[in-house]
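Here's the structure we're looking at; comments come further down.
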Amino acid sequence: MPQTPHIERHFAGSETVRDIVIGMSDGLTVPFALAAGLSGAISTTSIIVTAGLAEIAAGSIAMGLGGYMAARSDAEHYFSERAREEAEVREKADIEADEVTQVLQSYGLTAEESKPIVNALRKRPRAWVDFMMRFELGLEKPDARRAVISAGTIAGAYIAGGFVPLGPYLILPTASAALTASVITTLSALAVFGYIKGRFTGAPPLRSAIQTMLIGGLAAAAAFMIARAIS
0 MPQTPHIERH FAGSETVRDI VIGMSDGLTV PFALAAGLSG AISTTSIIVT
50 AGLAEIAAGS IAMGLGGYMA ARSDAEHYFS ERAREEAEVR EKADIEADEV
100 TQVLQSYGLT AEESKPIVNA LRKRPRAWVD FMMRFELGLE KPDARRAVIS
150 AGTIAGAYIA GGFVPLGPYL ILPTASAALT ASVITTLSAL AVFGYIKGRF
200 TGAPPLRSAI QTMLIGGLAA AAAFMIARAI S
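One point on numbering: in numbering that gives the first Met the number 0, the residue at position 198 of the sequence shown is 197, and numbering is uninterrupted.
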């Protein structure tokens, strides 16, 4: 009897999605709050646009560099830990073998069942280190291009998000009209973004949409009221 082949579908783009979420959420929220705050103090759209563009440029660079440094730090941590494990496998083989047994026992294997696996790993030092990195330390080898890709992804998502709240100010002549359009456009974009983020991350999409929209809306409202009170 023919059988349908089992195909496992696992989402493998978690790092890229994380970078997009980081860049897009800040790109939608920070320029939105800035534009709303300036709208509460001035009525000239050209000043708001200039300040918004400057913020998008500075924010995207800062966020991109932050993503780059974070990815570089992860890579440096991984290779530092790997060098330590390689030294321990050479110099403290018996202790490391006991640690392998403990790891396997945490998965329900007995000491007797673990023994052949431990002996096999002792004959393969590189595989042994790989095993310890993954199952003892929970570390995966980072992609060599990860830092650059992360920086570009976060910066690009920030720029794309930033032009959503700023767009109405580029088109409409008055700050009050642009603010209304920006609020409608940005809150809608935040809701859609939050919903999609929930679908990708496994969170309830509707709750994610509402939370994302509320955070962006509260930030913009606070900036607007503070600017209005000061001016």
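Glycine included, C-beta positions come from ideal geometry on N, C-alpha and C.
To the nearest whole angstrom, what separates the beta carbons of residue i and residue j, a pair I think is in contact under 8 Å?
{"i": "A208", "j": "G215", "result": "Actually they do not touch by this definition, with Cβ atoms about 11 Å apart."}
{"i": "T152", "j": "T15", "result": "6 Å"}
{"i": "M212", "j": "L186", "result": "5 Å"}
{"i": "T184", "j": "P172", "result": "About 17 Å; that fails the 8 Å criterion."}
{"i": "V48", "j": "L169", "result": "6 Å"}
Provide the residue(s) that pair with residue i in DSSP beta bridges, ordered along the chain.
{"i": "T43", "result": "T173"}
Do residue i and residue j have their C-beta atoms closer together than 8 Å?
{"i": "A174", "j": "T28", "result": "no"}
{"i": "A235", "j": "I60", "result": "No answer is possible for residue 235: it lies beyond the span of the chain, which begins at 0 and ends at 230."}
{"i": "G26", "j": "A159", "result": "yes"}
{"i": "A234", "j": "L33", "result": "This structure does not reach residue 234, given that the chain is present from 0 up to 230, and the question cannot be answered."}
{"i": "R81", "j": "M23", "result": "no"}
{"i": "Y157", "j": "M62", "result": "yes"}
{"i": "V102", "j": "E135", "result": "yes"}
{"i": "L64", "j": "A150", "result": "yes"}
{"i": "E90", "j": "V128", "result": "no"}
{"i": "A50", "j": "L37", "result": "yes"}
{"i": "S181", "j": "F78", "result": "no"}
{"i": "R206", "j": "G39", "result": "no"}
Three or more C-beta pairs closer than 8 Å, one from the segment 15-28 and one from the segment 117-137: is that the case here?
In short, these stretches do not touch, since the Cβ pair count stays below three.
How about the segment 177-197 and the segment 94-105: do they share at least three Cβ pairs that are nearer than 8 Å?
Short answer: they don't touch.
Closer than 8 Å is the cut-off here; do at least three beta carbon pairs connect the segment 139-147 with the segment 66-81?
Enough Cβ pairs lie closer than 8 Å, so yes.
Let me know the alpha helix (DSSP H) ranges lying completely inside the segment 133-191, each 4 residues or longer, listed in chain order.
Scanning the segment 133-191 from its first residue to its last, the whole alpha helix (DSSP H) runs of 4-plus residues come out as 145-170.
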